Every structure is written in structure tokens, then in C-alpha cells.
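A quick write-up on the structure given underneath.
Residue numbers (this note's numbering): 24 to 249.
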């Protein structure tokens, strides 16, 4: 998909992180002129305009985008709570808005809804289980909006488990399916990586990966809920 246009430049760190974790490509621009010069050949996928810090610049960019010969959609506006009263007078300048500070999952839901409504863009390939999200395109993972700092093999192990929720796998099966048949390490390699994953998931989410005595490991709940 084409990148999203972000205002201002540099993009707010929380917004940049949320978009990166959700797998949406983006480019920041600090003015209408820069946005026009840096526009991709096939156009922007949409825009996220932050109006809470620079309202004048934000709405000026919104007006410029709306004056284009080809309708520019979708356009999501990020606003502070004290700006809600003035939105009614400017509702023709945006398609949807989100209060800032925002929750990453709410922001992602609003972007997805806008793309669905306007027929623009595509949703990144994600694996989701409860509050855990793995982006298969960017090899990033987050739990409750918190990025997880995973090694390549930790990510691969978590991805394999998360795509087979409720199933129990022996250590030998995990070695062959995740590390590959030519891996000569022992079964203890799996135990070490499981222990590290649980630590990185944190105490609240460590129980996503449970030990099945004398068998191996299971991700999530079994179909019987035990």
C-alpha cells in the first residue's frame, strides 16, 4: 500500500510507533508544499493530521488536501479534548477524528474503518490473540500496545505458537517446525526461548504460554478451557 501522510514533521513519537507496529507505511510533512513535493506517484493512501499542537497548520493542510481535483480520502484528525467544540464548524475538512493522547488499538481501528469505508488501502497481515499483536510484514510484536524487543528466533517461536492457539507441541516438534530439521541443538533450546518469551511478555501475559507436563508447550487456551 502507499504511505500515509503524517503532519507534523517530525511525527509525534507515539503516533510513529503505533503506525510502525500496525504495519502502516508513512511519511511526515511539515507543510502543504512539502506534502505535495513528496507525494508518491500513486498518491497518498490517506492522511493523519495532528491538530492538537499546531491547529492552524493542521487545518491549513486539511483545506489544501480537500481542494484537490481528486477527492483526498481518508483523512483522520487527531485533536485534543479542548478542540472538540470547534470540530463541528470544520467537519468538511476530515473524515473522522481521534482524541489525543490515543490508545494504539483505537487508532488502528479508526484507520481500518476509514480504509474500509472509503475503499482505500489494505490492512497489514497481523496475527492477533487477545492483547497480543504480531505484524507479519514488519516482524514486530506488541502486547497491550507495548512493543516487545524480540530476537528473530523468539519472534518466530511466538509466531508459530500464536498461529496454532490451543494446540500442544512437544519440544522436538517445535525444534523441527521453528528451527528447522537441520538444527542440531537440543530440546533445552526451546525451554530457554520459552523462558525468555515469558519474561518479555511480562507477568500479566506470561501465562499465554503454558507448560503441559511431560508433553511440551501450548499457546492460549485449549478448546476445553484448561
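In this text, a Cβ means the ideal position worked out from N, Cα and C, and glycines have one as well.
It should be emphasised that the depicted structure is a prediction, and the values quoted were computed from it without experimental measurement.
query, result
"Can you tell me where the alpha helix (DSSP H) holding residue 55 begins and where it ends?", "55-60"
"With contact counted as at least three CB pairs below 8 Å, one residue from each stretch, are the segment 161-180 and the segment 96-114 in contact?", "no"
"What separation, rounded to the nearest whole angstrom, lies between the Cα atoms of residue 138 and residue 209?", "47 Å"
"Beta strand (DSSP E) containing residue 90: first to last residue?", "Neither: residue 90 is in no beta strand (DSSP E) and is coded neither H nor E."
"Who are the Cβ neighbours of residue 178 in its own chain at under 7 Å, not counting the five residues just before and after it?", "162, 164"
"Straight-line CA distance for residue 184 to residue 84?", "45 Å"
"Could you pull the DSSP bridge partners for residue 119 from this structure?", "99"
"Leaving out five residues before and five after residue 132 in sequence, what residues of the same chain have Cβ atoms less than 7 Å from its Cβ?", "none"
"Please name the residue in 191, 227, 215 whose C-alpha comes closest to that of residue 244.", "191"
"Within the continuous beta strand (DSSP E) that includes residue 215, where are the two ends?", "Segment 211-224 is the alpha helix (DSSP H) holding residue 215; no beta strand (DSSP E) there."
"Can you tell me which residues form a DSSP beta bridge with residue 26?", "Beta-bridge pairing links residue 26 to no other residue."
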